[in-house]
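Visitor: Protein chains in written order, with the UniProt record's numbering: chain V, 1 to 369; chain U, 1 to 369.
Even glycine gets a Cβ: it sits at the ideal position worked out from N, Cα and C.
#1: Where residue 330 of chain U and residue 177 of chain U are concerned, what is the direct C-alpha to C-alpha distance, given to the nearest angstrom?
#2: Quick check: the Cα distance between residue 315 of chain V and residue 309 of chain V, rounded to an integer number of angstroms?
#3: Got a sec: which bits of the region 54-87 of chain U sit with their beta carbon under 8 Å from any beta carbon on chain V, in order along the chain?
#4: Would the region 168-184 of chain V and the region 93-106 of chain V be scored as touching if the rule is three or more Cβ pairs under 8 Å?
#5: Can you find the residues in the same chain that come closer than 7 Å, C-beta to C-beta, to residue 9 of chain U, ignoring five residues on each side of it along the sequence?
#6: What three-state label does DSSP hand residue 9 of chain V in the structure shown?
#7: Please list, in chain order, the chain A residues whose beta carbon lies closer than 7 Å to that of residue 299 of chain U.
#8: CB-CB under 7 Å to residue 115 of chain V, same chain, minus the five flanking residues each way: which ones, in chain order?
#9: Below 9 Å between beta carbons: does that hold for residue 45 of chain U and residue 118 of chain U?
#10: Would you mind telling me which residues of chain U sit closer than 8 Å to residue 267 of chain V, beta carbon to beta carbon, in chain order?
#11: Which class does residue 155 of chain U belong to by DSSP, given the choice of helix, strand or coil?
#12: For residue 305 of chain U, go through chain V and note every residue whose CB falls closer than 9 Å to its CB, in chain order.
#13: Have a look at residue 54 of chain U and residue 94 of chain U and give me their C-alpha separation to the nearest angstrom.
#14: Whole angstroms are fine: how far does the CA of residue 258 of chain V sit from the CA of residue 86 of chain U?
#15: Can you check whether the C-beta of residue 287 of chain V is within less than 9 Å of a C-beta belonging to chain U?
#16: Report the residue from U/288, U/319, U/313 and U/312 whose alpha carbon sits nearest the alpha carbon of residue 294 of chain U.
#17: Spatial neighbours of residue 363 of chain U within its chain, please: C-beta separation below 8 Å, excluding the five flanking residues on both sides.
#18: Going along chain U in order, which residues have a C-beta closer than 9 Å to the C-beta of residue 271 of chain V?
#19: Contact between the region 207-218 of chain U and the region 8-28 of chain U is defined here as three or more beta-carbon pairs at a separation below 8 Å; is this criterion met?
#20: So what does DSSP say about residue 255 of chain V, is it helix, strand or coil?
#21: Helix, strand or coil: how does DSSP classify residue 293 of chain U here?
#22: With a threshold of 9 Å between beta carbons, is residue 264 of chain V in contact with chain U?
#23: Taking the C-alpha atoms as reference points, what is the distance between residue 240 of chain V and residue 145 of chain V?
#24: Quick one: is residue 326 of chain U buried, meaning 16 or more other Cβ sit within 10 Å of its Cβ, or exposed?
#25: Start and end of the beta strand (DSSP E) containing residue 129 of chain U?
#26: In this structure, does DSSP put residue 326 of chain U in helix, strand or coil?
#27: Can you give me the start and stop residues for the alpha helix (DSSP H) that residue 145 of chain U sits inside?
#28: So residue 302 of chain U contacts chain V; which residues on that side make the cut at Cβ distance below 7 Å?
#29: Compare the beta carbon distance of residue 271 of chain V and residue 77 of chain U with 9 Å and say whether it is the shorter of the two.
#30: For residue 185 of chain V, collect the residues of the same chain with a Cβ closer than 6 Å to its Cβ; drop the 5 residues on either side in sequence, then sort them by chain order.
#31: My understanding is that residue 191 of chain U touches residue 160 of chain U, with C-beta atoms under 8 Å, so please give their C-beta distance in whole angstroms.
#32: Could you check where the beta strand (DSSP E) with residue 306 of chain V kicks off and where it finishes?
#33: Tell me which same chain residues have a C-beta within less than 7 Å of the C-beta of residue 11 of chain U, skipping the five on either side of it?
#34: Smallest Cα separation from residue 37 of chain V: which of V/13, V/64 and V/31?
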């Protein structure tokens, strides 16, 4: 293999495919990136067997070929090289030479023969979505994914397409986040579970400047296409919880407040809460005023937030972290909270985005605590 | 105690004095900040018995008094409060109330009675120095301080004033950094050893926007005054190494190069070096060309840097980290390196700052390695 490409393009491409390279694998070849000439392009692939990312950079191919190069070292070297042209060459023993201006590196590579192939996906039927829209949907739900390895399905998000409506759903047993939006075309309904790690890497890969993005699904895999980058993830296999049943229909109490004011007050209250039990903060809600309190051995906090309340007064308590996780990812100025009782879930909706729902369970408190 | 002050001023003052508060102390009172009314000011002190920082903020004192408040929690609370006026009150049981707009915190404080006093220093004789100048001198030497607790004197820097010349000297047995500059006035000669931690905190406290700064010394302490902030540190007691004897006088070889190019090449070479032994990189210097190489089990690197050389050719090796530590803190475009042999120390001087000297020992290499 022998080729020339630009340092800037190559550095960016390595950053992209590196997201699928695991440093913790026991298979040394998976710590590498596949480099392969492909016409006037250089193809790069990172693959940890769950998630694979493939991308291309413009290159002048002098001699065709392919090689596996250590991902971390290759990334560090290319990042430190001057903004110029890089000459990459590999021989039959997979010795790799990287030259750029006054620098020359020689590294030992691996044979690409044993490198796992990315699964083939039919790209005939592609769902189109705005990249920024998908990025927002992931960001507003992914924190609610479970970290509990005994519940592997909850370590992913339900990815549902019905007509041209698309929903992402994450839940961990304490809270549930749903983001619903529209896709550009209608092909057929889909219901799959995508691992949290893949969603986070898709989120990072989308810069927000891309104009279009498309998706394709098989029984076992999902493909996300973004420009010349293809992200392929294995799906989690099984039946996702019937989340629609969980969301309370009876919401007799509706609280409306400024999101920013509420977030600031909860953040301050949680400074004391986190030192206590379960990040517990208590809410006492009347029309006009929400009082937030938290007590711990180091002190007490009392916060007032202006609200409007439809329905009767309410006393309720939450884990402050679960509330903040959601408030932090919303942009709306105004938000609504729906309650039915102090032991029933609370539903949060931003005023400007009816497609977003966050539900969380309260913490039961005895009247004396 | 009862007072009003601005959130912004108070938050900044807490950040300043917190630098002298240790979280690892076994004396709970030292995890606190002393708050004390002082006319139309609030005085704040942090003190870990080695380093003490005192500062003042404008305040409207309603009732005089003082209290110790947990530094970490107080800082977090004030940082999160809105940019408004903060009301602070403490009672005889040292219960503290902090109010700001719609927030109210109550915390348990400590009695200030047992809080250690800052040492009294005569402020009659003050040495004046430009704050930015002192900041640069610290930054360009402090990395060469020893981390070896068996050599406590080398964990500080020699602080020498002779006439109106001031030098900071740090050395750790492998390298030596000296920064010399002028102070504004001449009072008397001084030679003290200031702990590295104090120097780093002085460096952080100087924002670079201050107009003036002054210093005072006793047998046991040094005082640095910056606006309304006083930093007082204990001195390290003992005799500093006679560093002037160490610096080689015979420098028959002089290499001149671009600092930036040399730094970039060494940074790339060290990508492979750090995986090998002692961050070893080798230099082969002839007039016109410096060749930098490094070899490890993962690969080799070869770098060329344009240089001019006065004197004979030279082969020499260094720990790349020790070289980079110095190159990174210099701003000059051009730099000179002085050598006498491959086993003698190298002296580095930026072309635009004759007051700065960095000396480092080479790594001995056998001809075969």
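Guide: So, from the data block:
#1: 12 Å
#2: 13 Å
#3: 70, 73, 76, 77, 80, 81 and 82
#4: no
#5: 57 and 58
#6: helix
#7: Reference to chain A is not applicable here, since the protein chains of this structure are V and U.
#8: 29, 34 and 68
#9: yes
#10: 80
#11: helix
#12: 102
#13: 21 Å
#14: 23 Å
#15: no
#16: U/319
#17: 278, 280, 317, 318 and 319
#18: 73, 76, 77, 80 and 105
#19: no
#20: strand
#21: strand
#22: yes
#23: 13 Å
#24: buried
#25: 127-129
#26: helix
#27: It is not in any alpha helix (DSSP H) - residue 145 of chain U carries neither H nor E in the DSSP assignment.
#28: 104
#29: yes
#30: 128
#31: 5 Å
#32: 299-310
#33: 78 and 79
#34: V/64
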